[in-house]
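Engineer: Attaching a single structure in C-alpha cells format; questions to follow.
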Amino acid sequence: MTIPQNSNCNTNTVQKPVFDPNKHLIAVQGGRKYLPVSARVQWFRSEHPDWTIETNPLTIDNDKQFAIFQAKIFNADGRLMAMGTKKEDIKGFGDYIEKAETGSVGRALALCGYGTQFAPELDEVAGGRFADTPQGSRHGDAAQAGRYGDSSRGGQGRGQRSGHPAARPASEFTRQDEQPESSETTEAPAVSTSCASCDRTLSKSQADFSKHNYGDALCPACQRERGAAESPSPAATFATRPAQSSTRPAQSSTRPQDREFESQRRERLEREGGRA
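All letters in the sequence shown, in the order written, are residues 1 to 276 by full-length UniProt numbering.
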C-alpha cells in the first residue's frame with residue numbers, strides 16, 4: 001500500500017512548539033506593551049523558515065548622519081509579501097545605520113502580522129499604535145492580518161526565483177540593544193535651568209548671561225541683589241579714600257572778573273595811600 005505524500009495518516013508527525021509572543025513583550029512609555037523586532041524574527045522563522053528577509057540601504061548620509069533602509073519579505077516561491085522602510089539619524093541613536101535596518105525589518109514583519117497588532121487581547125485602542133503597525137489591522141488576529149498576501153493574490157506561486165539570496169539568520173536582528181521604533185525621531189528635551197538662589201526657572205539666555213557676569217545661574221532679581229551686595233557702599237568708599245591735606249595752597253583765581261576786581265582794589269589802595 002502506498003501512502004500519498006500529503007496524506008494525514010502519518011501518526012508519527014512531531015508537532016513543533018508554538019511560539020508564544022506574550023513571553024517576549026516589553027513595557028514602553030505609557031505602560032503599553034511592545035513586541036521587539038528580535039522576537040518578531042523568531043516568531044517569523046518558527047512559522048516560515050523557508051521565507052526570506054532582504055534589507056537594502058536606500059540612503060546613508062555620513063555628513064548629515066542619517067540612514068534610510070528598506071526591508072522586503074519573500075515567501076518560499078519568491079513572491080513579495082511585505083515591504084517596510086525606516087529612517088534613523090544621529091539624534092535618535094548613535095548606531096543609526098543599524099537601527100534603521102532593524103526598524104525596516106520590524107515594519108515589514110508587522111505587515112506580515114508579526115508586530116504590535118499580533119493579538120486582540122493586546123490591542124492598543126486607547127493608547128494608539130506604533131508606527132510599524134499596519135493600517136486596518138489593529139483589531140485583527142495575527143492569522144488574519146498577517147496572511148492577507150496568501151488569500152489576496154490567490155493560487156500557487158511560481159517556482160523559487162533563481163539567484164535569490166538565502167534567508168538571513170535571525171541572529172543578525174536579535175541584538176540586545178534593540179529599541180522600539182517610533183514614528184519619527186524626537187530630539188532630546190531641553191534641560192531647564194533654575195536660579196541657584198531662589199529656584200526660579202531661567203531661560204538659556206538668562207542663565208548664560210548670569211554665568212558670564214556673576215559666575216552662577218541667577219534670575220534677574222537675584223542678579224540685582226548680588227550686584228548690590230558686591231558693590232561698596234558710599235560710606236565705605238569715603239572711608240577708603242586717602243586723607244587729603246587741609247593746608248592746600250590757595251589758588252589764585254584766573255577768572256577775568258576776579259582779576260578786574262583785584263586791579264580796582266589795588267588802585268583804590270594806592271589812591272588812599274597817596275592822600276595820607
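Backbone N, C-alpha and C fix where the C-beta goes; we use that ideal spot for every residue, glycine too.
Taking only the alpha-carbon atoms, compute the straight-line gap between Pro17 and Asp61 and give it to the nearest angstrom.
Structural biologist: So the alpha carbons of these two residues sit roughly 43 Å apart.
Engineer: Cα separation between Ala67 and Tyr34?
Structural biologist: If I take the Cα positions, the gap works out to 24 Å.
Engineer: Would you kindly check if the distance between the Cβ of Ile73 and the Cβ of Ala110 is under 7 Å?
Structural biologist: It is not a contact, given that the beta carbons lie outside the stated cut-off.
Engineer: Are there 16 or more other CB atoms within 10 angstroms of the CB of Gln257, so buried, or fewer, so exposed?
Structural biologist: Gln257 is exposed by the Cβ-count criterion.
Engineer: Taking buried to mean at least 16 other C-beta atoms within 10 Å of its own C-beta, is Asn213 buried or exposed?
Structural biologist: Its Cβ having fewer than 16 others within 10 Å, Asn213 is exposed.
Engineer: Evaluate contact between the segment 41-49 and the segment 83-92, counting only Cβ atoms and requiring at least three cross-stretch pairs below 8 Å.
Structural biologist: They do not touch, by the three-pair rule.
Engineer: Report the partner residues of Ile26 according to the DSSP bridge assignment.
Structural biologist: BP columns for Ile26 point to Tyr34.
Engineer: DSSP on Lys64, reduced to helix/strand/coil?
Structural biologist: Correct three-state label for Lys64: coil.
Engineer: Rounded to whole angstroms, how far is the Cβ of Val37 from the Cβ of Gly113, which I believe are closer than 8 Å?
Structural biologist: Wrong, their Cβ atoms sit about 14 Å apart, outside the cutoff.
Engineer: Helix, strand or coil: which one does DSSP assign to Phe261?
Structural biologist: If DSSP states are grouped into helix, strand and coil, Phe261 belongs with the helices.
Engineer: Roughly how many angstroms separate the alpha carbons of Leu25 and Ile53, rounded to a whole number?
Structural biologist: Computed Cα separation, rounded: 22 Å.
Engineer: Report buried or exposed for Arg40, applying the criterion of at least 16 other Cβ atoms within 10 angstroms of its Cβ.
Structural biologist: Under this definition Arg40 is a buried residue.
Engineer: Residues in the same chain with beta-carbon distance under 7 Å from Thr59, minus the five sequence neighbours each way, listed in chain order, please.
Structural biologist: For Thr59, where only same-chain residues beyond five positions count, the Cβ hits under 7 Å are Ala67 and Ile68.
Engineer: How would you write the range of the beta strand (DSSP E) that Asp89 sits in, first residue to last?
Structural biologist: Leu80 to Asp89 is the span of the beta strand (DSSP E), which, as asked, contains Asp89.
Engineer: Could you give the DSSP three-state label for Lys99: helix, strand or coil?
Structural biologist: Helix.
Engineer: Hey, quick one: how far does the alpha helix (DSSP H) through Asp50 stretch, first residue to last?
Structural biologist: Careful: Asp50 lies outside any alpha helix (DSSP H) and carries neither H nor E.
Engineer: If the criterion is Cβ atoms closer than 7 Å, does the pair Asn75 and Trp51 meet it?
Structural biologist: Yes, these two residues count as a Cβ contact at 7 Å.
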